[in-house]
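> Numbering (the numbering used here), first residue to last: 501 to 598.
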Amino acid sequence: MGQRTQVINLYKTLVYLGREYPLGWDYFRPRLKTAFMRNKDVTDPEKIEQLISRGNYVVKEIEALYMLRKYRTLKKRYYSDENENMISEIYRRIESES
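(1) Going along the chain, which residues of its own chain have a beta-carbon closer than 7 Å to the beta-carbon of Y511, five neighbours each way excluded?
(2) Which ranges would you report for the alpha helix (DSSP H) in the stretch 518-556 if only whole runs of at least 4 residues count?
(3) If you draw a straight line from the alpha carbon of L514 to that of N585, how long is it in whole angstroms?
(4) Just checking my contact of R519 with W525 at CB under 8 Å: how many whole Å lie between their CB atoms?
(5) Round the Cβ separation of I562 and L517 to the nearest angstrom and send it over; I've been treating them as touching at under 8 Å.
(6) So which of Q503, Y578, E597, S588 has the shortest CA-CA distance to K540?
(7) Taking the alpha carbon of F528 as the reference point, which residue from I508, V559, T543 has its own alpha carbon closest?
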């Protein structure tokens, strides 16, 4: 796949991921556009590959952020503080008996 295609796909992926960014779409989109426009004149293939790699790293970090947020939400829904206190108490008892 050509570098131009990779850059376009990276931009589309980041636009898609930016819709749910915690600080909002209005925060994410201008910064994304600025980051891409800052490097629009780069012509060195090695530098472009380096920038694409950095972009892919950012994609993975954003995906991890979303997964963590979803995990925390699910944990709050299904485990109350009382359950966590009860579980810790059970672990303490087991450790003290051992």
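Idealized CB from N, CA, C, for every residue including glycine.
Let me spell this out:
(1) Stepping through the sequence shown from its first residue, residue 511 is reached at position 11. Correct list, in chain order: F536.
(2) 525-538
(3) Locating residue 514 in the sequence shown gives position 14, counting from the first residue. Locating residue 585 in the sequence shown gives position 85, counting from the first residue. Answer to the nearest angstrom: the Cα atoms are 40 Å apart.
(4) To locate residue 519, count along the sequence shown from 1; it is residue 19. To locate residue 525, count along the sequence shown from 1; it is residue 25. Indeed they touch by this definition, with Cβ atoms about 6 Å apart.
(5) Here residue 562 corresponds to residue number 62 of the sequence shown, with the count starting at 1. Here residue 517 corresponds to residue number 17 of the sequence shown, with the count starting at 1. Between L517 and I562 the Cβ distance is about 5 Å, and since that is below 8 Å, they are a contact.
(6) Looking up residue 540 in the sequence shown gives position 40. Among Q503, Y578, E597, S588, the Cα nearest to that of K540 belongs to Q503.
(7) Walking along the sequence shown from the start, residue 528 turns up at place 28. Among I508, V559, T543, the Cα nearest to that of F528 is on V559.
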